[in-house]
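K.L.:
Just dropping this structure here.
In the working numbering, the protein residues as written are 59 to 163.
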């Protein structure tokens, strides 16, 4: 069965809850050696860049886990803000071989 054409994307969830968690992470990481003085704008920038890099490193595993739980490429693409074809092109080679799908429609 062919999925209906998707013309919408689900943006990442942001708000007070995620702000509280991110503020705590920035504060906690900023106190670690190698990040500089806590509260300094450059330290905050370094911590945010580090968190973004860590998130990017974890995305392929998260995509593979979603495929293992039978999520479609469209369901994976939505929170990433890309098309299912883009998600497939970027991550299909990084997911387990038994989940590599044929080219999306």
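We put the beta carbon where it would ideally sit given N, CA and C, even for glycine.
Relative to the C-alpha of residue 84, which residue among 92, 101, 71 is closest?
P.N.:
Taking only the C-alpha atoms, the option nearest residue 84 is 101.
K.L.:
If residue 144 and residue 135 are in contact, beta carbons under 8 angstroms, what's the gap, nearest whole angstrom?
P.N.:
Going by Cβ atoms, the distance from residue 144 to residue 135 rounds to 7 angstroms, so yes, they are a contact pair.
K.L.:
With three or more beta-carbon pairs closer than 8 angstroms as the criterion, would you say the stretch 112-130 touches the stretch 85-93?
P.N.:
In short, these stretches do not touch, since the Cβ pair count stays below three.
K.L.:
Quick one: using the 10 Å Cβ neighbour count with 16 as the cut-off for buried, is residue 82 buried or exposed?
P.N.:
Exposed, by the Cβ-count rule.
K.L.:
Between which two residues does the alpha helix (DSSP H) holding residue 147 run?
P.N.:
Residue 147 -> alpha helix (DSSP H) spans 142-149.
K.L.:
Pull up the distance between the alpha-carbon of residue 79 and that of residue 98, whole angstroms please.
P.N.:
Straight-line Cα distance between these residues: approximately 19 angstroms.
K.L.:
Out of 137, 142, 131, which one is the CA nearest neighbour of residue 72?
P.N.:
Checked all of 137, 142, 131; the closest Cα to residue 72 is 137.
K.L.:
Taking C-alpha atoms, which residue in 114, 146, 113 lies nearest to residue 129?
P.N.:
Of the candidates 114, 146, 113, the one whose C-alpha sits nearest the C-alpha of residue 129 is 146.
K.L.:
Near residue 148, which residues of its chain fall below 8 angstroms by C-beta distance, leaving aside the five closest residues on each side in sequence?
P.N.:
Excluding sequence neighbours, residue 148 sits near 140.
K.L.:
Please report the distance separating the alpha-carbon of residue 76 from that of residue 127.
P.N.:
The alpha-carbon atoms of residue 76 and residue 127 are separated by roughly 25 angstroms.
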